[in-house]
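Chemist: Heads up: the sequence shown begins at 665 in the numbering used here, then just goes up one per residue.
C-beta atoms are modelled at their ideal positions from N, C-alpha and C, and glycine is treated no differently.
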Amino acid sequence: MKKKVKTMLKKLPFITPEDDLELNLLLTFQIVYFLNSTSKGLKILDIERLTIYNYLLKNPHVLHRLLIKLGKKSFILKSYEISSYKSERNDVETLYDNELVRYYIQLLTSNNLINITYNEKIGFVLTPNADMEKYINIDNEYFKRNIILIEKIKQLNSMVVSKIVTAIKNILEERGNS
665 MKKKVKTMLK KLPFITPEDD LELNLLLTFQ IVYFLNSTSK GLKILDIERL
715 TIYNYLLKNP HVLHRLLIKL GKKSFILKSY EISSYKSERN DVETLYDNEL
765 VRYYIQLLTS NNLINITYNE KIGFVLTPNA DMEKYINIDN EYFKRNIILI
815 EKIKQLNSMV VSKIVTAIKN ILEERGNS
């Protein structure tokens with residue numbers, strides 16, 4: 665079924681924002697830039713966490729419900745964030761689909777925008793290269809909104825990934841049952 669949906673989406677006469685390469689590279693870079701460490705400076709952004717944060721940034725309606733469920737400070741959803749064309753098919757598989765995220769990491773690394781280093785406790789962690797602020801300061805309403813959402817995601821930096829994933833699964837299951 666998943667392949668059938670992907671095939672149908674490829675036949676659309678337009679590119680969905682979720683599929684735009686440049687947009688996804690910038691979103692991935694924003695996540696690495698702003699969410700690579702805790703408030704205490706501990707580097708925590710591994711591929712699993714990046715994949716989750718990428719999913720939440722692309723699905724603000726799930727992020728909104730997640731923050732409420734976890735007792736964190738939430739935000740007011742904009743009308744265009746309630747759902748998207750692709751989000752109607754959101755499921756747990758989408759959350760774990762990190763093949764594209766790995767591809768974005770490869771592209772960002774090969775262009776010297778991010779670094780990958782090894783941390784004995786976490787494994788491979790992602791950090792931005794120095795002097796990359798020029799790629800972040802984009803004067804565009806969409807990217808400004810993403811920065812606001814990223815600030816909300818920061819509340820999850822101190823949480824264990826498994827707790828975040830469990831809460832997201834519960835939200836998606838609730839949505840599927842309603």
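(1) If residue 792 and residue 778 are in contact, beta carbons under 8 angstroms, what's the gap, nearest whole angstrom?
(2) Ordered along the chain, which non-local residues of its own chain (more than five positions away) have a Cβ less than 7 angstroms from that of residue 773?
(3) Specify, as a first and last residue, the run of the alpha helix (DSSP H) that residue 718 falls within.
(4) Below 8 angstroms on the Cβ atoms is my contact criterion, and I expect residue 789 with residue 707 to pass it. Report the Cβ-Cβ distance as a whole number of Å.
(5) At the level of alpha carbons, what is the spacing between residue 811 and residue 694?
(6) How is the beta strand (DSSP E) around residue 790 delimited, first residue to last?
(7) Take residue 836 as the anchor and find which of 820, 711, 786, 759 has the nearest alpha-carbon.
(8) Which whole runs of the beta strand (DSSP E) in the segment 772-839 are 3 residues long or more, in chain order?
(9) Over the uninterrupted alpha helix (DSSP H) stretch that includes residue 686, give me the two end residues.
(10) For residue 729, is the classification buried or exposed, using 16 other Cβ atoms within 10 angstroms of its Cβ as the cut-off for buried?
(11) Once you ignore the five residues that flank residue 699 on each side, which residues in its own chain have a CB closer than 7 angstroms to its CB?
(12) Answer with buried or exposed for residue 713, where buried requires no fewer than 16 other C-beta atoms within 10 angstroms of its C-beta.
(13) Taking 8 angstroms as the CB-CB cut-off, is residue 807 touching chain D?
(14) Quick one: residues in its chain with C-beta nearer than 7 angstroms to the C-beta of residue 762, no 5 flanking neighbours on either side, listed in chain order?
(15) Using 7 angstroms as the cut-off, classify the Cβ of residue 722 as near or not near the heavy atoms of the ligand MG, replying yes or no.
(16) Whole angstroms are fine: how far does the CA of residue 825 sit from the CA of residue 687?
(17) Would you mind sorting residue 740 into buried or exposed? The rule is 16 or more other CB atoms within 10 Å of its CB.
Modeler: Quick answer:
(1) Numbered from 1 along the sequence shown, position 128 holds the residue referred to as residue 792. Numbered from 1 along the sequence shown, position 114 holds the residue referred to as residue 778. Contact holds; Cβ gap of about 6 angstroms.
(2) Taking the sequence shown and counting its residues from 1, the one referred to as residue 773 is at position 109. So the qualifying residues of the chain are 780.
(3) Residue mapping note: residue 718 aligns to position 54 of the sequence shown, counting from 1. Annotation for residue 718: the continuous alpha helix (DSSP H) segment containing it runs 711-722.
(4) To locate residue 789, count along the sequence shown from 1; it is residue 125. To locate residue 707, count along the sequence shown from 1; it is residue 43. Their Cβ separation, rounded to whole angstroms, is 5 angstroms, which keeps residue 789 and residue 707 in contact under 8 angstroms.
(5) For the purposes of this step, residue 811 is taken as residue 147 along the sequence shown, with counting starting at 1. For the purposes of this step, residue 694 is taken as residue 30 along the sequence shown, with counting starting at 1. Taking the Cα positions, residue 811 is about 8 angstroms away from residue 694.
(6) Counting from 1 along the sequence shown, the entry for residue 790 is found at position 126. Segment 787-792, the beta strand (DSSP E) holding residue 790.
(7) On the sequence shown, residue 836 is found 172 positions in, with the first residue counted as 1. That would be 759, whose Cα lies nearest to the Cα of residue 836.
(8) 778-783, 787-792
(9) Counted from its first residue, the sequence shown places residue 686 at position 22. 685-699 is the extent of the alpha helix (DSSP H) around residue 686.
(10) Counting from 1 along the sequence shown, the entry for residue 729 is found at position 65. Residue 729 comes out buried.
(11) As a position in the sequence shown, residue 699 is number 35, starting the count at 1. Answer for residue 699: 709, 717, 814, 817, 818, 821, listed in chain order.
(12) Mapped onto the sequence shown, residue 713 falls at position 49. Of the other Cβ atoms in all chains shown, 16 or more fall within 10 Å of the Cβ of residue 713; this residue is therefore buried.
(13) Note that chain D does not occur in the displayed structure, where there is just one protein chain.
(14) The residue you call residue 762 lines up with position 98 of the sequence shown. Taking C-beta separations shorter than 7 angstroms and ignoring five residues to either side along the sequence, the partners of residue 762 in its chain run 711, 715, following chain order.
(15) For the ligand MG, the structure offers nothing, since it holds no ligand at all.
(16) If you number the sequence shown from 1, residue 687 lands on position 23. If you number the sequence shown from 1, residue 825 lands on position 161. Distance between the alpha carbons of residue 687 and residue 825 is about 25 angstroms.
(17) Your numbering for residue 740 matches position 76 in the sequence shown. Exposed is the call here.
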